[in-house]
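Here the protein sequences come in this chain order: U and A. Here the first sequence stands for residues 2 to 298, numbered as in my numbering. Here the second sequence stands for residues 12 to 488, numbered as in my numbering. Where a beta carbon is used, it is the ideal one built from N, C-alpha and C, also for glycine. Being a predicted model, the structure only gives us computed values, none of them experimental. The structure appears below as structure tokens.
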Amino acid sequence: MTSFWTGWISFIVLGSIFGCAWLLWVTRKSQKFDTETEQTMGHSFDGIEEYDNPLPRWWLVLFMGTIVFGLGYLVFYPGLGSYKGVFGWTSANQWEAEVKKAEETYAPIFAKLAATPIEELAKDENAMKIGQRLFANNCAVCHGSTAHGATGFPNLTDNDWLYGGSPEKIKETITSGRNGSAMRAWKDEIGEEGVKQVANYVRLLSGQEGVDEAMAAKGADIFAANCVVCHGQDGKGSHDMGAPNLTDGIWLYGGTQNIVEATIRNGRGGIMPSFKDQLGEERIHLLAAYIYSLSHR
Amino acid sequence: MSTKIPVQNIDPQDASTAKVKTVELYEARKKIYVKEITGVFQKVRSFSLWFLMGMYFLFCWVSVDGQQLVLFDLPNRKFHIFGATFWPQDFVLLSWLLIICAFGLFFITTLFGRVWCGYTCPQTVWTFIFMWLEERIEGSRNQRMKLDQASMNKQKALKKAAKHASWLFVAFATGLTFVGYFYPIRELVPDFFTFDISSGWAYFWIAFFTLATYINAGWMREQVCLYMCPYARFQSVMFDKDTLVVSYDLNRGEPRGSRKRSADPKEVGLGDCVDCGMCVQVCPTGIDIRDGLQYECIGCALCIDACDSVMEKMEYPKGLISYTTEQKLEGKDSKLLRPRTIGYGLALVIMMSAFAFKLGTRLPVELDVIRDRGALFQTNAKGYIENAYTLQLMNMSDQVRTFIISVEGMDGISISGKSEFTLEPSEVRSIPMAIEAKPNALTERNHDIVFKAQAVDDASVKIESESRFLGPAPVKF
């Protein structure tokens, strides 16, 4: 906050308080408290007249009390621009304190769950309810609340895995994320015709109907020369590389001729972010168990 | 009526003649020593008051199947009342209940005056028990007045201490019981005495209600009715000439005065009122009913009991002070059925029936459907169009229930995956659910669909929730 705004806010806050104090002081009557006069102000409405009485003492004291309270409050809490107050209170550290309190409450629960092996945890219905909530909050944005995925975001329920579906691998994927940018653009190397041929071959691999067999045969050669490094001789992919299995009819971006061509032509670069800092070890353990359970029902 | 009660003139004096004059507007409270009286109305009153108090103290101990019959479970946001569980979404019922109660109060008040105040109001109930204790410990009205005037001695100190101890005991029981309606009382009482209550707030509220009861019923008493209670202030709006009120028969009583028991009032030129002041002495709010109807009058009828006992002694007919109406006092007929009572009655009947209907048809299940925000639709492995939803299913009953979810609204639509869910009592479950449809079943870009949840064990427990199913533009041939 600039010193101008600090000054301006302080001026308004203190000005209001001292203004009220001043008003209270000058309008207080010097008469004895608790005795009233019958003198009226001379105002009359429908026969109702206004008496000219001082504030009752308890009332005055209450007002003065609020002024003292207000000044005291400003000493201890922020209220004057950038002045932080004696306690150094901020809404941010209040939030942190609440998070800490919640951690203390939930830590034993998560610690207990984290000590259970994932295969076992996946069968624990209550743990899975917590896992589902974690999934809804952190993963559902991309993978959908049903974990069926979407274009570019893998389906987590079909037990077909880019990087492996063992509990350890799932955990590793969530913890460190995956940098799935290995599918590079091939259009310059194999040419537009080559892209079409390889696409036909890949569709043949996955058992699609209506494939141009002549094109596919040519594509097979190009595939053998360029693609087997990652996708393997038989096109079954590799968990180490995160290279998809091309024979199973499950497509991350779609399996039509156009889409497969586009994939080969321009490459694909999906990234699974790391959740290590966001969730921590124990929650990731639980989440991995939930994801594991989705394909092992 | 020719004989109006003379009213003291308290108009401010003419400003021109009055110089500055000071008056005291804040008068200290004059302690009221209420004389205990027996009689018909006192019997009715004590029956009603003991009964209500007994209900208050015992009701929270009633449990059915281990469930406290009346429990406002704030931490879990559930109200258990007579076996029914109310949820925050039932809150509108509470406001209707309060509206019905208010109308009930108006209805009763137009008919019978302030019977609520005299016979059922908690302030009256607790003041009554406190006064009863006071009478047992410090003695009768005269003894109490003497005791207060006497200088402090051992006996006085003992009596006062005993009184306040008994008051505090009742107040504490009240506070503990009150919290027991919010915190299971069977746990609260043992936990309290072993200092084992998990929430510090329970201690705070017990202390708060103990103190509030002690101050209200011990010290404030009629001041609550006179200065704090709004109900007294609008009685004039609800009263009419046919409303039953506690009233003194001026025509019969005036002119008042003392006389020998043997004297014939007519010869002495007096009315039936012997001016004994008993009606004033027994009044819990310290008013003189002979001054006419006042907002301070709580309609407790103790003055009727007092006056009747005197009339009996004097061998005059009873009823110099009685429950009567202004019409009757004027010698006219009083009607129970009047436009006002019919109106209130009708409104009450309508509201109560609607309330009962709503309560009876309330279903212990709730279903909300939220469409996934991430994607509009997608094609799944089968080549079907798929939409994702999150269902919020609530089992609001007190039993474990299995629900079958189904979806309708267009042809060829079905749930992909599990559709049967078992929920614990009062469980709220989020259920991710994928709905799939054959691509050629889509005739529009979007279809209105309906999710249904049906309890397996009870055909009447079913609920619907609408949503939409999105897909690509259909292929037109």
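- Burial of residue 128 of chain A is indicated by the presence of at least 16 other C-beta atoms within 10 angstroms of its C-beta.
- Residue 177 of chain U has no beta-bridge partner at all, per DSSP.
- For residue 463 of chain A, the secondary structure class from DSSP, reduced to helix, strand or coil, is strand.
- For the region 382 to 414 of chain A, the set of positions with a beta-carbon nearer than 9 Å to some beta-carbon of chain U reads 383, 384, 385, 386, 389, 390, 391, 392, 397, 399, 400, 401 in chain order.
- By the Cβ-count criterion, residue 149 of chain U is buried, with 16 or more other Cβ atoms from all chains shown falling within 10 Å of its own Cβ.
- Here residue 324 of chain A is not near residue 152 of chain A, since their CB atoms are 8 Å or more apart.
- Listed along chain U, the residues sitting closer than 7 Å to residue 445 of chain A by beta-carbon distance are 147, 149.
- Taking a Cβ-Cβ threshold of 9 Å, the residues of chain U close to residue 441 of chain A are 130, 133, 134, 137, 146, in chain order.
- Per DSSP, the beta-bridge partners of residue 443 of chain A are A:401.
- Around the beta carbon of residue 281 of chain A, a 10 Å sphere encloses 16 or more other beta carbons of the protein chains shown; the residue is thus reported as buried.
- The C-beta of residue 28 of chain U comes no closer than 8 Å to any C-beta of chain A.
- What residue 143 of chain U touches in chain A, judged by beta-carbon distance under 8 Å, is 385, going in chain order.
- Each of U:185, U:180, U:272 was checked against the Cα of residue 262 of chain U, and the nearest Cα belongs to U:185.
- Only those residues of the region 151 to 178 of chain U whose C-beta falls short of 9 Å from the nearest C-beta of chain A are listed: 151, 152, 154, 156, 158, 159.
- Here the alpha carbon of residue 57 of chain U sits roughly 17 Å from the alpha carbon of residue 68 of chain U.
- The region 244 to 263 of chain A makes no contact with the region 209 to 229 of chain A, as fewer than three CB pairs between them are under 8 Å.
- Rounded to the nearest whole angstrom, the CA to CA distance from residue 158 of chain A to residue 198 of chain A is 43 Å.
- Within the region 178 to 231 of chain U, the beta strand (DSSP E) runs of at least 3 residues that lie entirely inside it are, in chain order, 179 to 184.
- Less than 8 Å divides the Cβ of residue 445 of chain A from the Cβ of residue 399 of chain A.
- A distance below 7 Å between beta-carbons, with the five flanking residues on each side excluded, links residue 337 of chain A to the following residues of its chain, in chain order: 252.
- DSSP assignment within the region 288 to 362 of chain A yields the following whole alpha helix (DSSP H) runs of 4 residues or more, N-terminal first: 289 to 292, 313 to 325, 337 to 340.
- Here DSSP, grouped into helix, strand and coil, assigns residue 273 of chain U to strand.
- In summary, residue 301 of chain A is buried, with 16 or more beta-carbon neighbours lying within 10 Å of its beta-carbon over all protein chains present.
- Of the candidates U:121, U:53, U:84, U:282, the residue whose Cα lies closest to the Cα of residue 293 of chain U is U:121.
- Judged by DSSP secondary structure, residue 159 of chain A falls within the alpha helix (DSSP H) whose first and last residues are 152 to 160.
- Around residue 251 of chain U, the beta-carbon contacts reaching into chain A at under 7 Å are 392.
- Judged by DSSP in its simplified three-state form, residue 89 of chain A adopts strand.
- Taken through DSSP and simplified to helix, strand or coil, residue 479 of chain A comes out as strand.
- The residue from U:258, U:27, U:241 with its alpha-carbon nearest to that of residue 55 of chain U is U:27.
- Under the DSSP assignment, residue 114 of chain U falls in the alpha helix (DSSP H) whose first and last residues are 92 to 115.
- Take residue 220 of chain U, set aside five residues on each side of it, and the residues of its chain with a beta-carbon closer than 6 Å to its own are 198, 199, 201, 202, in chain order.
- In the three-state reduction of the DSSP assignment, residue 78 of chain A falls in the strand class.
- DSSP places residue 263 of chain A within a helical segment (H, G or I) once states are collapsed to three.
- Between the region 156 to 176 of chain U and the region 281 to 292 of chain U there are three or more inter-stretch CB-CB distances shorter than 8 Å, so the stretches are counted as touching.
- Per DSSP, the unbroken alpha helix (DSSP H) holding residue 147 of chain A starts and ends at 133 to 149.
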